[in-house]
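Residue numbers (the numbering used here), protein chains in the order written: chain E, 22 to 382; chain X, 2 to 70.
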């Protein structure tokens, strides 16, 4: 296609992205209706741990073998239960006055008045929770709008999975981060040499469509992504003699925030990621990431795989934290979109805004 | 000569078409797209085809109804 010349310089517009407080708040509020990881499962031992979800302080604890997520707030004097202890594997004890709670959240004992045991009308609010894919998930409403995401790769015995560390918090909105995670066109530029090649910035052909609760992206396998082989980032992988490594990358987002990426190399090696930017607040996220691969030494996966993920994240971080407005602008015309390049982003925003309209009031 | 129509359910008012075919498309109040000339001829026909090809959401239809000349 040969484009005609622009008519005159007035055609170039300098955009000022406007902050739509109502729209942003709607998107953020809607996130309450979905599952979010609040901790890595392997971090939950015999003691309670503290978590944050959308501004709410939570305590995550195992009681009677069940993962429980409560408000991190003792009913007696409001102290944090997450700095308390688990008694006998069955009760969560407040560190201040020793009040105890069972797995339902009901207060079972105020040690100063044991005669009232079973009669105290006190408790802590319990949230829906689940342990799945190496993550502990919670939902702030009783009926999540969509079920937990599906991640069958996690159960594939041929793949070795790790919880990626360090677990970092970023100052950005969760949807901005999802869009960053699922954006083909920055790979070759921002991740030149690692996820792409700056000499080949064109985006591979790909299809985007909705399927139940997922927004799918399938790459045309005739156009593989090319990365220089001297990248040390793919540690643990046997590197070919060819100066480049080739791979295809497909992904889906379980709306609105759970990203799953599948990378298949031209030699058949596989690599996948489950990523979820849990909103700690309107402008703050925690980057929960489970990564799996079928190559390399499993004993070195933390260092090699986790190290690679962290390296890529730190390339993304300053860019995503710099984006304004911080939330995705609810009006699609506020930012520019390129045909064949930004399709996933456009469709993601459309769906996100539909959910915000329905659930964010 | 061609008729230009917009699928308003798909249009996101990105304004891409206004930079490519400014004689045919413009931005109205509230930064909403407006079609200035729904029927185009001559050089505008080329630019409208370009605009349709660059529309990020494929919202522009160009229906050639008669050969120019």
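Idealized CB from N, CA, C, for every residue including glycine.
Small disclaimer: the values here were computed from a predicted structure and weren't measured.
Query                                                                                                                         : Result
Which listed residue (E:175, E:276 and E:382) has its alpha carbon closest to that of residue 291 of chain E                  : E:175
CB contact flag (residue 84 of chain E, residue 107 of chain E, <8 Å)                                                         : yes
Members of the segment 340-363 of chain E near chain X, C-beta cut-off 9 Å                                                    : 352, 353, 354, 355, 356, 357, 358, 359, 360, 361, 362 and 363
Same chain only: Cβ atoms within 6 Å of residue 44 of chain E, ignoring 5 sequence neighbours per side                        : 351
Rounded straight-line distance, which links the Cα of residue 218 of chain E to that of residue 3 of chain X                  : 41 Å
Residue-chain proximity (residue 48 of chain E, chain X), Cβ-Cβ < 8 Å                                                         : no
Proximal chain X residues relative to residue 367 of chain E, where beta-carbon distance stays under 8 Å                      : 13, 57 and 58
Length of the line joining the Cα atoms of residue 355 of chain E and residue 362 of chain E                                  : 17 Å
Interface flag, residue 16 of chain X vs chain E, CB-CB below 8 Å                                                             : yes
Rounded distance between the beta-carbons of residue 195 of chain E and residue 116 of chain E, thought under 8 Å             : Going by Cβ atoms, the distance from residue 116 of chain E to residue 195 of chain E rounds to 32 Å, so no, they are not a contact pair.
Residue 294 of chain E and residue 312 of chain E closer than 8 Å at C-beta                                                   : yes
Among E:278, E:342 and E:317, the one whose alpha carbon lies nearest that of residue 304 of chain E                          : E:342
Interface partners of residue 32 of chain X on chain E, CB under 7 Å                                                          : 354
Option in E:319, E:333, E:226 and E:118 with minimal Cα separation from residue 213 of chain E                                : E:333
For residue 292 of chain E: DSSP bridge partner residues                                                                      : E:284 and E:314
Cβ neighbour criterion (16 or more within 10 Å) applied to residue 105 of chain E                                             : buried
Touch test, the segment 139-157 of chain E against the segment 56-73 of chain E, Cβ-Cβ under 8 Å, three pairs minimum         : yes
The alpha helix (DSSP H) enclosing residue 199 of chain E, as first and last residue numbers                                  : 195-202
Own chain, CB closer than 8 Å to residue 29 of chain X, minus 5 neighbours either side, in chain order                        : 35
Reduced DSSP category for residue 348 of chain E - H, G, I as helix; E, B as strand; rest coil                                : coil
Residue 21 of chain X classed as buried or exposed, judged by whether at least 16 other C-beta atoms fall within 10 angstroms : buried
Best match in E:269, E:185 and E:230 for proximity to residue 241 of chain E [C-alpha to C-alpha]                             : E:269
N- and C-terminal bounds of the beta strand (DSSP E) containing residue 20 of chain X                                         : Taken as a continuous stretch (DSSP letters only), residue 20 of chain X belongs to no beta strand (DSSP E), being part of the alpha helix (DSSP H) at 17-21.
Endpoints, the alpha helix (DSSP H) within which residue 83 of chain E is located                                             : Unbroken run through residue 83 of chain E is the beta strand (DSSP E), 77-84; no alpha helix (DSSP H).
DSSP three-state assignment for residue 302 of chain E, whether helix, strand or coil                                         : strand
Burial state of residue 364 of chain E (16 or more Cβ within 10 Å)                                                            : buried
Whole-angstrom C-beta distance between residue 306 of chain E and residue 190 of chain E, which should lie under 8 Å          : 7 Å
Three-state secondary structure (DSSP) of residue 374 of chain E                                                              : helix
Alpha carbon of residue 92 of chain E to alpha carbon of residue 136 of chain E, nearest angstrom                             : 26 Å
Residue environment, residue 253 of chain E, which counts as buried when at least 16 other CB atoms sit within 10 Å           : Bear in mind that the predicted position of residue 253 of chain E carries a pLDDT of just 48, short of 50, making it unreliable; the figure below should be weighed with that in mind. Exposed is the call here.
When E:181, E:381 and E:344 are compared against residue 192 of chain E, the one with the closest alpha-carbon                : E:344
6 Å Cβ shell around residue 9 of chain E - same chain, five flanking residues per side excluded                               : For chain E, the structure presents residues 22 to 382; residue 9 of chain E sits outside this window and is missing.
Nearest-angstrom Cα separation, counted from residue 17 of chain X out to residue 375 of chain E                              : 24 Å
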